[in-house]
Amino acid sequence: MTVLLPSAPSRRSLLRGMMGGAAVTVALPFLDAFLNTNGTALAATGAPLPVRFGTWYWGLGHTPGHAIKAKTQTGPGIDFLEECKALAPLTKHINYYGGFNMPLDGRSNYTHFTGWVASRTGSAPTSNNEIPAPTLDLLIADAMTAPTRFVTLDTTSVGIPRENYSARSTNNRAAAEASPEKLYARVFGPEFVDPNKADFKPDPKVMVRKSVLSAVSEQSKALSGKLGAADKIRLDEYFTSIRQIENQLDLQMQKPAPNKACAVPPPIARDGEEQNRPQGLEVDTVVANHKIMSKILAMAVACNQTKVFNMVFSDNFSHMRRPGQTYTHHLLTHEETPDKELGYQPVAFYFNCRTMDALATFIQTFASIPEGDGTLLDNMLIFAATETNYARVHSIDGVPVFTAGRAGGRMKTGLHVVGNGDPITRVGLTAMQVMGLPIDKWGTKSLHTSKTITEVLA
Numbered sequence: 008m009t010v011l012l013p014s015a016p017s018r019r020s021l022l023r024g025m026m027g028g029a030a031v032t033v034a035l036p037f038l039d040a041f042l043n044t045n046g047t048a049l050a051a052t053g054a055p056l057p058v059r060f061g062t063w064y065w066g067l068g069h070t071p072g073h074a075i076k077a078k079t080q081t082g083p084g085i086d087f088l089e090e091c092k093a094l095a096p097l098t099k100h101i102n103y104y105g106g107f108n109m110p111l112d113g114r115s116n117y118t119h120f121t122g123w124v125a126s127r128t129g130s131a132p133t134s135n136n137e138i139p140a141p142t143l144d145l146l147i148a149d150a151m152t153a154p155t156r157f158v159t160l161d162t163t164s165v166g167i168p169r170e171n172y173s174a175r176s177t178n179n180r181a182a183a184e185a186s187p188e189k190l191y192a193r194v195f196g197p198e199f200v201d202p203n204k205a206d207f208k209p210d211p212k213v214m215v216r217k218s219v220l221s222a223v224s225e226q227s228k229a230l231s232g233k234l235g236a237a238d239k240i241r242l243d244e245y246f247t248s249i250r251q252i253e254n255q256l257d258l259q260m261q262k263p264a265p266n267k268a269c270a271v272p273p274p275i276a277r278d279g280e281e282q283n284r285p286q287g288l289e290v291d292t293v294v295a296n297h298k299i300m301s302k303i304l305a306m307a308v309a310c311n312q313t314k315v316f317n318m319v320f321s322d323n324f325s326h327m328r329r330p331g332q333t334y335t336h337h338l339l340t341h342e343e344t345p346d347k348e349l350g351y352q353p354v355a356f357y358f359n360c361r362t363m364d365a366l367a368t369f370i371q372t373f374a375s376i377p378e379g380d381g382t383l384l385d386n387m388l389i390f391a392a393t394e395t396n397y398a399r400v401h402s403i404d405g406v407p408v409f410t411a412g413r414a415g416g417r418m419k420t421g422l423h424v425v426g427n428g429d430p431i432t433r434v435g436l437t438a439m440q441v442m443g444l445p446i447d448k449w450g451t452k453s454l455h456t457s458k459t460i461t462e463v464l465a
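Following this line, the structure appears as structure tokens:
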């Protein structure tokens, strides 16, 4: 007896449709139908599942003595203190790197700038705007052999596009996407531009409210008929996630109800030093944007739209503020009086706690997406770093760094790595080697290193 089986869908399959005069595409995640029987490689080619790289940036470091308990030697287990308690349930996915230094060879420490430039380029800047070499995310993106729709995706939840910590050079620093709606439109939006309307742009509101899924409904039904039970469930979960994001964005785009008590005040005239005071974003808005953008990024990665991305939670001069307050997080780190009993600045500490909560959300978003025989996070390496250790004194030795994910089995996790004063570039060199870059050294002057952190290599 001959049994006819439906042909397996191609990994490169895209669901395509039209919406509002523009073409929309919905890429597909790695379904079992695309993989070998072990769920560890692509069925068609035998190639392993791709390993992706992302960075997560936050401004103003940690509160010393209240974030991570110090250790004297590298080993398993990370003692998360109050500021980082949200990360404790995710310990098995994380490595923490502490005690690494940032020697400057006599160069100035340009506050809130030198730290991120040195750790991401391997070189200390000679001025407060120099970016002397490409950042490590771009070096990794350049080495990716399989093309994707986006070479990188740069995003920020703090609403300041220019504050992106990915750059080719001083004069080549891309702006980050600061709008969840526009990020959504980029990932799920048009590949087609009407030749009769050079300035044609689809309305993200139309895409969100009508749902891109409605434009590809017939194709999705046809695809579902070719899938096994497990893949059908996974595809349904994926489409459900897309619709949940669309619903969240739709709520953000709706006009609020009239409120007679609300009267818009006239612009406030500012002069002198007050003109230069940064105008922050409310922390709840930043957190909400970050949560939605994390989900969109995760789907972009899962659907092979990009293999490299950057997420900025808060900028290096952290402009976040609490509702009803004018002082930003950055100003508080310098002007708030430390509580004598607590031993730290309580409001600045509050912002640091919200930041680590967001990092936990980011990691969990990728860890919650099944892929192959594990999760999306298992096939990723996330490099999470800041620009200072203790913001109040602008210290750059001991700048905290985390990595998350097993990079396709290349990384061990759950480790606290002790730097013992070695240059922080050891972390970046290790990350690039794990991602397959054929380099055995990185950095300049005293930041130069050829010493990989072998304890984290699987």
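Convert by adding 7 to the 1-based position in the sequence shown; the result is the number in our numbering. Backbone N, C-alpha and C fix where the C-beta goes; we use that ideal spot for every residue, glycine too.
Run through DSSP, which three-state label would Asn203 get?
Low confidence applies to Asn203: its pLDDT is 39, below 50, so where it sits in the model is not reliable, and the reading given next is rough at best. In the structure shown, Asn203 sits in coil (DSSP, three-state: anything other than H, G, I, E or B).
Which parts of the stretch 130-176 are runs of the beta strand (DSSP E), unbroken and 3 residues or longer, counting only runs that do not cross its ends?
160-163, 174-176
At what residues does the alpha helix (DSSP H) containing His297 begin and finish?
290-309
Which same chain residues end up closer than 7 Å to Ser402 when comparing Cβ atoms and leaving out the 5 residues on each side of it in sequence?
So the qualifying residues of the chain are Thr395, Asn396.
Less than 8 Å between the C-beta atoms of Leu422 and Asn108, yes or no?
The Cβ-Cβ distance between Leu422 and Asn108 does not fall below 8 Å.
Under the three-state DSSP convention, the category Trp123 falls into
helix
I'd like the list of long-range same chain contacts for Ala270, defined as Cβ closer than 6 Å, with 5 residues on each side in sequence excluded.
Its pLDDT being 36, under 50, Ala270 is placed unreliably by the model, and the measurement read from it follows with that caveat. Within the same chain, Ala270 has no close Cβ partners at all.
Quick check on the DSSP output: the beta strand (DSSP E) that includes His73 runs from which residue to which?
Counting along the chain, His73 falls outside any beta strand (DSSP E), and DSSP gives it neither H nor E.
Please state whether the Cβ-Cβ distance between Pro139 and Pro430 is less than 8 Å.
Taking 8 Å as the Cβ cut-off, Pro139 and Pro430 do not qualify as a contacting pair.
Where does Glu90 fall in DSSP's three states?
Assigned with DSSP and collapsed to three states, Glu90 falls in helix.
Just curious, the beta strand (DSSP E) that Arg59 is in, first and last residue?
Under the DSSP assignment, Arg59 falls in the beta strand (DSSP E) whose first and last residues are 59-64.
Can you grab the Cα-Cα spacing for the pair Asp238 / Arg156, in whole Å?
Rounded to the nearest angstrom, the two C-alpha atoms are 24 Å apart.
Check each candidate in His326, Thr333, Asn359 and name the one with the smallest Cα separation from Val165.
His326
So what's Asn396 in DSSP terms, helix, strand or just coil?
In this structure, Asn396 counts as coil in the three-state DSSP scheme.
How long is the line joining the alpha carbons of Ile446 and Pro96, rounded to whole angstroms?
34 Å
Is Val315 helix, strand or coil by DSSP?
strand
N-terminal and C-terminal residue of the alpha helix (DSSP H) that Val354 is part of
353-374
Which two residues bound the contiguous beta strand (DSSP E) that contains Val223?
Val223 -> no beta strand (DSSP E), and no H or E assigned at all.
Distance check for Ala229 and Ser321, CA to CA, integer angstroms please.
43 Å
Given this structure, state the Cα-to-Cα distance separating Leu366 from Lys298, to the nearest angstrom.
10 Å
For Met8, I'd like the list of residues in its chain whose CB is within less than 6 Å of its CB, leaving aside the five on either flank, ordered along the chain.
Since pLDDT at Met8 reaches only 29, below the 50 mark, its modelled position is unreliable, and no value is offered.
Looking only at its chain, what residues have a beta carbon closer than 7 Å to the beta carbon of Leu231, apart from the 5 residues adjacent to it on each side?
The sequence given here places Ser at residue 231; Leu does not occur at that position. The answer, listed in chain order, is Lys239, Leu242.
In the structure shown, what three-state DSSP assignment does Leu338 receive?
In the displayed model, Leu338 falls within a helix according to three-state DSSP.
Close-in-space but distant-in-sequence residues of the same chain around Thr133 (CB under 7 Å, 5 per side omitted):
Arg114
Excluding sequence positions up to five away, which residues of its chain have a Cβ less than 6 Å from the Cβ of Gly435?
Leu143
Beta-carbon within less than 6 Å of Asn135's beta-carbon, same chain only, minus the 5 sequence neighbours each way: which residues are those?
Tyr117, Phe120
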